[in-house]
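What follows is a short report on a single structure.
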Amino acid sequence: MKVAIEPQFCPSREEIQPISLLRPDGTLVDGAVPTMDDGEVLSALRLMMLSRAFDEKGFSLQRQGRLGTFSPVRGQEASVVGSACAIDPSRDWVVPQYRELPALLRQGLPLMDFIRYFMGNPAGARIPDDVRLLPIQIAIAAQLPHAVGLAWGLRLQRSGGVVLVYFGDGASSEGDFHEACNLAGVVKAPVVFFLQNNGWAISTSRSRQTAARTFAERAPGYGFPGIVVDGNDLFAVHAATSAAVERARSGEGPTLIESQTYRLGAHNTADDPSRYVTSEELHRREPLDPIARVQRYLSQRGRWSEDIAEAYQADVRAEIQQALDAASAASPPAPEMLFEDVFAETPARLAAQRDERLHALASAAMEAS
Ligand SMILES: Cc1ncc(C[n+]2csc(CCOP(=O)(O)OP(=O)(O)O)c2C)c(N)n1
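Here you go:
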């Protein structure tokens, strides 16, 4: 007799609707109750506006040669800020990729340090001891195994801390993503995998990244839940991340959140998106701007007006200028700083390289004088 072989696990064709609480017009979805009060929404909005203003300033500084290549957050502010506001910086950690400035600031990193980092000053790479943050990671997905190791360690120490790790849709195609998810599921690491699906990995579109309907549905294969959330909706992101943090803190293990957002600009200051994004597509996406959505919500509650918007704008610009002035006034990096802050104790071979370099610089200075 012939046995019919039917696979038990098949990709489903069913449409997945992302979790959404706040509509683009600023009204709440029926029955939705925000997990943030007005005061919290206003501080989240300020952080989103600061991030947007920094993107603009940073682009012009990069063009003047005062800042290195950096990746703007533009379009993803609700995704980054909504998630970052769901953790407790006094015990939880952020493990970033490279497009999460407001999450770094919320953890307590001084903006001046971020600027110094992008000015090429190693002093800016030194994270203050009381700031629970790992360094910016440029090697795609390499931060994911680190995040799981950190989370597992926090669990073994019974610290109650949770790790929020950021990465992109492109990063999810790397082997590190699989290894990290697999281990996290096995040891029930208290980690929230926060995948920002911004439509692009530089010029590779989301449709070229995976044949799966969503990125989040990979999670059950590792033994933990996945959530798809409207990443331009501050409240949905905050609520979903809060639930995942709660789950991790109570010992139930990881969650994979796919935040469906959109990169409203260039990949970084070296990119020209007009070569691969049509202006029609950008035009279609502009109304989804996460900042305008929160402002509409607050206006409807009588908590936002043009005057308040102007005051916030002036305030964030002043904060950025102050940090920029401080970073520019700080002493330029000394040559030996290149060799510092990598190892707790400098290995002999590195010390030898440092001494050789300093000796060469001193000889060159003597010859020039
Ligand atoms: C291991 C590795 N491979 C390739 C690159 C080059 N690279 C830099 S950014 C990027 C795209 C990453 O896309 P995604 O993970 O979706 O994040 P996004 O930049 O969209 O936030 C690539 C391939 C890299 N930095 N590291």
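Numbering (the numbering used here), first residue to last: 1104 to 1472. Heads up, the beta-carbon is just placed ideally off N, CA and C, and yes, glycines get one too.
For residue i and residue j, which I take to be in contact (beta-carbon distance under 8 Å), what is that distance rounded to the nearest angstrom?
{"i": "valine 1197", "j": "glutamine 1210", "result": "5 Å"}
{"i": "valine 1438", "j": "leucine 1461", "result": "Strictly speaking, residue 1438 in this sequence is proline, with valine absent from that position. Indeed they touch by this definition, with Cβ atoms about 6 Å apart."}
{"i": "alanine 1244", "j": "phenylalanine 1280", "result": "5 Å"}
{"i": "arginine 1065", "j": "aspartate 1141", "result": "There is no way to answer for residue 1065, as the model of the chain reaches only from 1104 to 1472."}
{"i": "serine 1306", "j": "tyrosine 1365", "result": "Between tyrosine 1365 and serine 1306 the Cβ distance is about 15 Å, and since that is not below 8 Å, they are no contact."}
{"i": "methionine 1104", "j": "histidine 1341", "result": "Between histidine 1341 and methionine 1104 the Cβ distance is about 56 Å, and since that is not below 8 Å, they are no contact."}
{"i": "leucine 1214", "j": "isoleucine 1360", "result": "About 26 Å; that fails the 8 Å criterion."}
{"i": "proline 1175", "j": "alanine 1346", "result": "With a Cβ gap of about 29 Å, proline 1175 and alanine 1346 do not count as contacting."}
{"i": "glutamine 1165", "j": "glutamine 1200", "result": "Not quite, the Cβ-Cβ distance comes to about 19 Å (not below 8 Å), so this is no contact."}
{"i": "glutamine 1179", "j": "arginine 1202", "result": "7 Å"}
{"i": "serine 1262", "j": "arginine 1194", "result": "7 Å"}
{"i": "glutamine 1312", "j": "alanine 1304", "result": "6 Å"}
{"i": "isoleucine 1119", "j": "arginine 1316", "result": "6 Å"}
Just list the residues that DSSP pairs residue i with in beta bridges.
{"i": "glutamine 1363", "result": "Asn1300, Asp1333"}
{"i": "isoleucine 1411", "result": "Bridge partners of isoleucine 1411: none, in fact."}
{"i": "leucine 1131", "result": "Leu1125"}
{"i": "threonine 1138", "result": "The partner list for threonine 1138 (beta bridge, DSSP) is empty, contrary to what the question assumes."}
{"i": "threonine 1088", "result": "Absent from the model: residue 1088. The displayed extent of the chain is 1104 to 1472, so no value can be given."}
Inset, instruction - Tell me the start and end of each unbroken alpha helix (DSSP H) in the stretch 1239–1308 that is at least 4 residues and wholly inside, in chain order. - result: 1246–1259, 1278–1290
Inset, instruction - Tell me, please, whether the stretch 1320–1328 touches the stretch 1277–1290 by the rule of three or more beta-carbon pairs shorter than 8 Å. - result: yes
Inset, instruction - Entirely within the stretch 1174–1246 and at least 3 residues each: give me those beta strand (DSSP E) ranges in chain order. - result: 1196–1198
Legend entry - Contact between the stretch 1345–1354 and the stretch 1293–1306 (3+ Cβ pairs under 8 Å): Because the criterion of three Cβ pairs below 8 Å is met, the stretch 1345–1354 and the stretch 1293–1306 touch.
Legend entry - Cβ contact check for the stretch 1212–1221 and the stretch 1394–1411: 3 or more pairs under 8 Å: no
Inset, instruction - Give me every residue whose Cβ sits closer than 7 Å to any heavy atom of ligand 1, in chain order. - result: Ser1174, Gln1200, Arg1202, Ile1241, Ala1242, Ile1243, Ala1244, Ala1245, Phe1270, Gly1271, Asp1272, Gly1273, Ala1274, Glu1277, Gln1299, Asn1301, Trp1303, Ala1304, Ile1305, Arg1366, His1370
Inset, instruction - Determine, using beta-carbon pairs with one atom in the stretch 1145–1155 and one in the stretch 1171–1186, whether at least three such pairs fall under 8 Å. - result: yes
Inset, instruction - Say whether the stretch 1220–1233 touches the stretch 1438–1452, bearing in mind that this needs 3 or more beta-carbon pairs closer than 8 Å, one atom from each stretch. - result: yes
Inset, instruction - Tell me, please, whether the stretch 1188–1197 touches the stretch 1165–1175 by the rule of three or more beta-carbon pairs shorter than 8 Å. - result: no
Inset, instruction - Answer yes if the stretch 1325–1342 comes into contact with the stretch 1115–1128, meaning at least three C-beta pairs across the two stretches below 8 Å, and no otherwise. - result: They touch, by the three-pair rule.
Legend entry - Touching by the beta-carbon criterion (3+ pairs, under 8 Å), the stretch 1376–1391 and the stretch 1112–1121: no
Inset, instruction - Mind the definition here: the stretch 1245–1256 touches the stretch 1266–1277 only if three or more C-beta pairs lie below 8 Å; say whether that holds. - result: With the rule of 3 Cβ pairs closer than 8 Å, the stretch 1245–1256 counts as touching the stretch 1266–1277.
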